[in-house]
Structures are given as structure tokens and as C-alpha cells.
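Student: Yeah, the sequence shown ends on 132 if you go by the working numbering, and it's all consecutive. The C-beta atom is built at its ideal place from N, Cα and C for all residues, glycine as well. This one's a predicted model, so the numbers in the text were calculated from it and none came from an experiment. Let me begin by handing over the structure; questions about it come next.
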Amino acid sequence: MGKYPLLWEFDQTKIPVDPKERGIEFNMLMKVIKQDIKKGILKDWGLFVGESHGYSVVQGT
72 MGKYPLLWEF DQTKIPVDPK ERGIEFNMLM KVIKQDIKKG ILKDWGLFVG ESHGYSVVQG
132 T
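What follows is the structure, given as C-alpha cells:
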């Protein structure tokens with residue numbers, strides 16, 4: 072099985088303007104990411120500092 076890096080980017084038009092709403096949605100995203108790591112779907116996940124970009128590492132055939 073190979074490991075594959077995925078580069079991703081947030082769609083800035085979908086991010087709430089209100090910081091409180093933004094925090095709530097980011098916390099929900101982190102919950103899903105942690106679940107996917109626990110299930111083995113994601114091997115690694117990261118967010119580039121100061122950016123709306125990041126990476127994920129998945130494993131598969």
C-alpha cells in the first residue's frame with residue numbers, strides 16, 4: 072500500500088466572517104479530522120501557518 076500526499080485549500084468565500092462562528096466551525100472540522108485519524112483514514116494532517124492551505128496524507132492502493 073502506498074502513502075499519498077494531498078494538498079488542500081479552504082474556499083475563503085465559505086468561511087464565516089464572525090470569529091465566533093469561524094471558531095465553532097473550525098472545532099467541528101478538527102473533530103472530524105481526529106476521528107478520521109483514529110479510524111486510519113488519514114495518516115497525517117496539517118495546516119500551513121498563516122495560510123488557508125494544508126496537507127493530508129492517506130494510505131491506500
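From what residue to what residue does the beta strand (DSSP E) around aspartate 107 run?
Tutor: For the purposes of this step, residue 107 is identified with residue 36 of the sequence shown, where counting begins at 1. That residue, aspartate 107, is in no beta strand (DSSP E); its alpha helix (DSSP H) goes 90-110.
Student: Sorted by chain position, which residues of the same chain lie with C-beta nearer than 6 Å to tryptophan 79's C-beta, five sequence neighbours on each side aside?
Tutor: Translated into positions along the sequence shown, residue 79 becomes position 8. These residues qualify, in order along the chain: Gly125.
Student: Please check the pair aspartate 115 and serine 127, which I expect to be a contact at CB under 8 Å, by giving their CB distance rounded to whole angstroms.
Tutor: Here residue 115 corresponds to residue number 44 of the sequence shown, with the count starting at 1. Here residue 127 corresponds to residue number 56 of the sequence shown, with the count starting at 1. Their Cβ separation, rounded to whole angstroms, is 7 Å, which keeps aspartate 115 and serine 127 in contact under 8 Å.
Student: In the DSSP assignment, find the beta strand (DSSP E) that holds glycine 131 and state where it starts and stops.
Tutor: Working through the sequence shown from its first residue, we reach residue 131 at position 60. Per DSSP, glycine 131 belongs to the beta strand (DSSP E) from 124-131.
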